[in-house]
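Data block below; observations after.
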Amino acid sequence: MTDQPSPGVSGADYSGPQRVLSGVQPSGALHLGNYLGALVKFARLQHVQPTFIFVADLHAITVWQEPAKLAAQTREIAAAYLAAGLDPAKAAIFPQSAVPEHAELAWVFNCVARLGWLDRMTQFKEKSGKHKERSSVGLYTYPVLQAADILVYKATHVPVGEDQKQHLELTRDIAAKFNHDFDAPGFFPLPEPLVQGPGARVMSLRDGAAKMSKSDESDYSRINLTDDADAIAQKIRKARTDAAPLPETLEDLATRPEADNLVGIYAALANQTKAEVLAQYAGQGFGSFKPALTEVMVSTMGPVTARLKDYLSDPGEIDSILATGAARARQIARPVVDEVRKRVGFWGA
Ligand code: TRP
Numbered sequence: 003m004t005d006q007p008s009p010g011v012s013g014a015d016y017s018g019p020q021r022v023l024s025g026v027q028p029s030g031a032l033h034l035g036n037y038l039g040a041l042v043k044f045a046r047l048q049h050v051q052p053t054f055i056f057v058a059d060l061h062a063i064t065v066w067q068e069p070a071k072l073a074a075q076t077r078e079i080a081a082a083y084l085a086a087g088l089d090p091a092k093a094a095i096f097p098q099s100a101v102p103e104h105a106e107l108a109w110v111f112n113c114v115a116r117l118g119w120l121d122r123m124t125q126f127k128e129k130s131g132k133h134k135e136r137s138s139v140g141l142y143t144y145p146v147l148q149a150a151d152i153l154v155y156k157a158t159h160v161p162v163g164e165d166q167k168q169h170l171e172l173t174r175d176i177a178a179k180f181n182h183d184f185d186a187p188g189f190f191p192l193p194e195p196l197v198q199g200p201g202a203r204v205m206s207l208r209d210g211a212a213k214m215s216k217s218d219e220s221d222y223s224r225i226n227l228t229d230d231a232d233a234i235a236q237k238i239r240k241a242r243t244d245a246a247p248l249p250e251t252l253e254d255l256a257t258r259p260e261a262d263n264l265v266g267i268y269a270a271l272a273n274q275t276k277a278e279v280l281a282q283y284a285g286q287g288f289g290s291f292k293p294a295l296t297e298v299m300v301s302t303m304g305p306v307t308a309r310l311k312d313y314l315s316d317p318g319e320i321d322s323i324l325a326t327g328a329a330r331a332r333q334i335a336r337p338v339v340d341e342v343r344k345r346v347g348f349w350g351a
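Everything in the sequence shown is counted per my numbering, starting at 3 for the first residue and increasing by one.
Given below as structure tokens:
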């Protein structure tokens, strides 16, 4: 037994299959930032490696969720996954709570992780705010459950936002310590975050320094996945910009956060690089760039919104996809937890 993480050792010798895993919490409507930063990445990765994408309902209840709404919110995230192109024939798509092995492994990991490791987690500090004694205990051990989500499938690659890197480091520390303490070198892999992507960081339309967020009080700060063409056009028209025309170079663009954000969004939607967008629009003002951005946004997001609405109108179809996904996920997770039970020395294992 050690109290220190052993970075890079036991786990580096993992030689099992590569797997992708990620999840999104069902705690509010999704926006363009979630779509470009997460969902599109998931849909691309499903063609490359076995992929597990879940709805993080266990994580959601670390803060209060209305019981009468939680299942519907879970279906909404699943519908967004499907609308973004996740294919249930390729990726396993499921609710976290439907695979009890997540919570089962999380308990063991609660006994592997050290208080000192969790005390360093910046997201807990942000989310608990001034009154941490009033937070749920679950909010504190949230990153331990996240480690279980990942390692219960021995996932090797985890597409996440920049803000989740610290939780991935903790996941590696837990994996390495488990492998070390239970004499199981290479049992758990040390998973890597995949943070790059088409629209890794989509910023608010009202403030180029803040992330696009569902908790921003102004609806004009974000494009919701359910926004129609008129709403999109209006939000882009009102988006904050400076007065200068678009620059020639990426260096100049980088000094103008709002312009940089809009060019980045255009690039991600049009599947181009920012340099390619500048090559086309340098010297033009927002009077011509904004309508062009609206046009690509409406043409690329329109079909996504339409598919989202179709799925939402058929909850039975979503439920059957989620049930099948959960059964597939359990086929991988159960043997991993059974092996953990043996290693830990539980009766009957
Ligand atoms: N904490 C992640 C977020 O807020 C959601 C999440 C929960 C997750 N479990 C995960 C992401 C496992 C990747 C892997 O974005």
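Backbone N, C-alpha and C fix where the C-beta goes; we use that ideal spot for every residue, glycine too.
- When DSSP reads this structure, glutamate 194 sits in a beta bridge with His159.
- Relative to ligand 1, the beta carbon of glycine 30 is positioned no closer than 7 angstroms to any heavy atom.
- Secondary structure note for leucine 23: its beta strand (DSSP E) is the uninterrupted segment 22 to 26.
- Look at isoleucine 238 here: in three-state DSSP terms it is helix.
- In terms of Cβ geometry, alanine 94 and glycine 318 do not form a close pair [threshold 8 angstroms].
- For valine 162, the Cβ falls inside the 7 angstroms cut-off from some heavy atom of ligand 1.
- Looking at the DSSP output, phenylalanine 54 sits in a beta bridge with Leu23, Ala94.
- The region 52 to 66 and the region 280 to 288 do not touch, with fewer than 3 CB-CB distances between them shorter than 8 angstroms.
- For the 8 angstroms CB-CB criterion, isoleucine 234 and threonine 296 form a contact.
- If you look at methionine 299, you'll find it in the alpha helix (DSSP H) that goes 288 to 314.
- Taking each of Val346, Asp321, Asp151, Phe348 in turn and checking the Cα distance to serine 24, the smallest one comes out for Asp151.
- The three-state reading of DSSP puts histidine 104 in helix, counting H, G and I together.
- With a beta-carbon spacing of about 7 angstroms, leucine 153 and leucine 107 fall inside the 8 angstroms limit used to define contacts.
- Under the three-state reduction of DSSP, lysine 216 is assigned to coil, being neither helix nor strand.
- Within its own chain, the residues whose Cβ lies closer than 7 angstroms to the Cβ of leucine 141, once the five positions on either side in sequence are excluded, are Thr64, Val65, Phe126, Lys129, Ser130, listed in chain order.
- Serine 223 and aspartate 121 have their C-alpha atoms roughly 33 angstroms apart.
- Excluding sequence positions up to five before and after lysine 213, its CB lies within less than 8 angstroms of the CB of Gly35, Arg203, Val204, Met205, Ser206, all in the same chain and listed in chain order.
- Taking 8 angstroms as the cut-off, the Cβ atoms of leucine 314 and alanine 277 do not count as close.
- By the CB criterion at 8 angstroms, alanine 270 and leucine 47 fall outside the cutoff.
- Cβ contact annotation for proline 247 (same chain, cutoff 7 angstroms, sequence separation greater than five): Gly285, Gln286, Gly287, in chain order.
- The shortest CA-to-CA distance from glutamine 98 to any of Val42, Pro28, Leu84, Trp119 is the one to Pro28.
- Taking 7 angstroms as the cut-off, one finds no heavy atom of ligand 1 near enough to the beta carbon of isoleucine 267.
- Ligand 1 approaches valine 26 closely enough that one of its heavy atoms is under 7 angstroms from the residue's Cβ.
- With a threshold of 16 other beta carbon atoms within 10 Å, leucine 172 meets it and is buried.
- Residue state for histidine 169 is assigned as helix, using DSSP reduced to three classes.
- Between valine 26 and alanine 40 a beta carbon distance of about 6 angstroms is seen, short of the 8 angstroms cut, so the two are scored as contacting.
- Between the alpha carbons of asparagine 226 and glycine 350 lies a gap of roughly 50 angstroms.
- Boundaries of the alpha helix (DSSP H) around aspartate 121: 117 to 121.
- Relative to the non-hydrogen atoms of ligand 1, the Cβ of glutamine 168 never comes closer than 7 angstroms to any of them.
- Counted as a single uninterrupted DSSP element, the alpha helix (DSSP H) harbouring threonine 124 occupies residues 124 to 130.
- Around alanine 231, the same chain offers Val300, Gly304 as residues with beta carbons nearer than 7 angstroms, after the five sequence neighbours per side are excluded.
- Boundaries of the alpha helix (DSSP H) harbouring alanine 82: 69 to 85, taken from the DSSP string.
- Its chain contains Phe111, Leu172, Thr173, Ile176 as the residues whose beta carbon lies nearer than 7 angstroms to that of alanine 149, once the 5 sequence neighbours on both sides are disregarded; these appear in chain order.
- About 4 angstroms separates the CB atoms of phenylalanine 184 and arginine 345; that is less than 8 angstroms, so the two are in contact.
- Bridge pairing for asparagine 36: absent [DSSP].
- Beta-bridge annotation (DSSP): asparagine 226 is paired with His33.
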